[in-house]
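Below: the structure, in structure tokens.
In this note's numbering, the protein residues as written are 12 to 136.
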């Protein structure tokens with residue numbers, strides 16, 4: 012369990028349930044992971060030097076990082092991803108697995124996204 016020193020500055024890093032009750036669970040650490048990923052993503056977009064900037068190279072996809080952040084920063088602890096779910100999140104997939112996924116499901120996604128062809132329309136008179 013990650014423990015932060017008691018001060019006002021650290022309160023903004025704490026999940027709601029830690030501020031309201033004293034029960035400390037793994038879900039608190041997962042909330043904190045979401046905060047760290049968010050800070051790394053923000054450090055990557057800022058022009059200034061940051062201690063987190065070297066870690067930003069670990070995030071290969073902003074969309075995947077944003078998805079993970081939204082799933083970890085949920086107000087209700089029970090609704091957050093579990094540690095197992097985080098470990099298999101696409102943000103952490105190697106490139107080869109992402110390519111396999113796109114190869115397997117990419118055509119189906121393209122068919123859904125493509126507009127219908129004109130020959131499939133029936134004229135209604």
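Even for Gly, the Cβ is constructed at its ideal location relative to N, Cα and C.
C-alpha distance - residue i paired with residue j, whole-angstrom precision
i: residue 73; j: residue 82; result: 14 angstroms
i: residue 42; j: residue 115; result: 32 angstroms
i: residue 52; j: residue 109; result: 20 angstroms
i: residue 50; j: residue 96; result: 21 angstroms
i: residue 111; j: residue 100; result: 15 angstroms
i: residue 98; j: residue 86; result: 21 angstroms
i: residue 90; j: residue 104; result: 23 angstroms
Close Cβ partners of residue i (< 6 angstroms) along its chain, the five nearest in sequence each way excluded
i: residue 45; result: 80, 83 and 84
Residue from the options with nearest C-alpha to residue i
i: residue 75; options: 110, 102 and 42; result: 102
i: residue 37; options: 104, 92, 117 and 110; result: 92
i: residue 71; options: 117, 113 and 106; result: 106
Cβ neighbours of residue i in the same chain (closer than 8 angstroms, five flanking residues each side left out)
i: residue 77; result: 52
Cut-off 7 angstroms between Cβ atoms - residues of its own chain near residue i, not counting five sequence neighbours on either side
i: residue 48; result: 76, 79 and 80
i: residue 94; result: 37 and 41
Host alpha helix (DSSP H) of residue i (start-end)
i: residue 95; result: 94-98
i: residue 75; result: 73-83
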